[in-house]
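Below you'll find the structure, written out as structure tokens, and then a few comments.
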Amino acid sequence: MGCMSVEFIRVNHSIPDACAMAVHTPAGVIVHTGDFKVDYTPIEGGIIDLARFGELGNKGVLALLSESTNAERPGYTATERKVGESFKSLFAGAEGKRIIVATFSSNIHRIQQIINNAESWGRKVAVSGRSMLNVLTTAIELKL
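Read in order, the letters of the sequence shown correspond to residues 1 to 144 in UniProt numbering.
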């Protein structure tokens, strides 16, 4: 890209292999995080590279373009492992009952946790919605 370069930085999100970008320009560094979540115990993949964000910040950043769902709310978001523990409790306490779960179709790791729990408890999984079917088909093809 001529006088610019792009650096990819690991972040956690509901989609596998999410990353932020640091665009290095002659005028300075522009960091775009995309949507992200700080999760120190992700289901798969590494943790967010907060050290790299700190290094860039210490050197000076021209602009930070950042988004994170519910960032304005106080507190923190539960890790995906904690969500997984909730699924285990849900399945354990629902013997003989139907379980209906709604989630974003892009949240592959959460969907995998639902399927894993269903399998452990001898349950069947029905998937509804074109987006969910498309994402799951792609995830299976990519062996995610």
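Note that the Cβ used here is the ideal one computed from N, Cα and C, for glycine as well.
PHE8: first and last residue of the uninterrupted beta strand (DSSP E) it sits in
Note, PHE8: beta strand (DSSP E), 5-10.
When you compare the CB positions of PHE87 and ASN58, do they come within less than 8 Å of one another, or not?
No, they are not a contact pair.
CA nearest to the CA of ALA92, picked from ALA22, ASP39, SER120 and SER66:
When each option's Cα is compared against that of ALA92, the closest is SER120.
C-alpha distance - VAL29 paired with VAL23, whole-angstrom precision
If I take the Cα positions, the gap works out to 6 Å.
Quick one: Cα of PRO16 to Cα of LYS37, how far?
Using only the alpha carbons, I get a separation of about 12 Å.
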